[in-house]
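K.L.:
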Amino acid sequence: MKSPEKYHMSKKLVIASWGDPSAWKSVTYIDGEDSSQNPRKIASISSLRLLAEKFSDIQKFYVLVQDSIVFTTLKRINDECKECGQKINAYITAERGEAVWLNEPISTYEELVKKVKDYTSCILDRLGIRNHEVFILPSNLRTSINVQPSPHFTSF
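When we follow the UniProt record's numbering, the leftmost residue of the sequence shown carries the number 1, and every step to the right adds one.
What follows is the structure, given as structure tokens:
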């Protein structure tokens, strides 16, 4: 009988829960386990990029986000989220800041889930995370923004 170790394949996966990534700022992540004189340094808005570069054997990145991340408050939006918000028609500017906010009405929850997945996948792609899957978690979708004209929210 063959040893079970020969059939055992180790798979690595990463599970990350994200809040609202739109205000995340780029920081420098340093690989503290690198014993060389020049430790690995990665500038990014998310530590997932360092993990992707350090561990080439990660099979999949699973990212959990709430459906409300396409309805943010006014603030300064990072470049990744600004570009990805524009791709799904969910970026606005106002006197007091910017927001990721859908610019067209959504009539079904499935439409909202698709927009959130597209937005999050775009951010992950910009970070160099290609092997990912996005899971959308429901929130209470209670949010408001004080800009004129008032942007669309949902109609379902």
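Note that CB positions come from ideal geometry on N, CA and C, so glycine has one too.
Please read these numbers as outputs of a predicted model, since none were measured by experiment.
Near Asn89, what residues of its chain come up, given a Cβ to Cβ distance below 8 Å and the 5 sequence neighbours on each side ignored?
P.N.:
Excluding positions up to five away in sequence, the list reads Leu102, Asn103 and Glu104.
K.L.:
Look at Ala52 and Ile123 and say whether their C-beta atoms are less than 7 Å apart.
P.N.:
no
K.L.:
Would you call the CB atoms of Gly85 and Tyr91 closer than 7 Å?
P.N.:
yes
K.L.:
Please state whether DSSP places Ala90 in a helix, a strand or coil.
P.N.:
coil
K.L.:
Please list, in chain order, all residues of the same chain as Lys12 whose beta carbon is under 8 Å from its beta carbon, the five residues on each side excluded.
P.N.:
Phe55, Asp57, Ile58 and Gln59
K.L.:
Sort out for me which residues DSSP pairs Ser17 with in a bridge.
P.N.:
Paired residue(s): Leu64.
K.L.:
Going straight from the alpha carbon of Thr93 to that of Lys82, what length do you get?
P.N.:
10 Å
K.L.:
Under the three-state reduction of DSSP, which class applies to Leu74: helix, strand or coil?
P.N.:
coil
K.L.:
Starting from Lys41, trace the alpha helix (DSSP H) in both directions and tell me its first and last residue.
P.N.:
Run containing Lys41: none in the alpha helix (DSSP H); it sits in the beta strand (DSSP E), Lys41 to Ser44.
K.L.:
Return the residue from the list Phe71, Val14, Ser26 and Ser22 that minimises the CA-CA distance to Val113.
P.N.:
Phe71
K.L.:
Can you determine whether any heavy atom of the ligand ATP sits closer than 6 Å to the C-beta of Lys60, and answer yes or no?
P.N.:
As far as ligands go, the structure on display features none, and thus does not contain the ligand ATP.
K.L.:
Give the DSSP-derived three-state secondary structure of Lys117 in the structure shown.
P.N.:
It is helical.
K.L.:
DSSP three-state label for Phe156, please.
P.N.:
Confidence at Phe156 is low in this model, with a pLDDT of 49, below 50, so its placement is unreliable and no value can be given for it.
K.L.:
Measure from the alpha carbon of Thr28 to the alpha carbon of each residue in Ser47, Ile15 and Ala16, then state which is nearest.
P.N.:
Ser47
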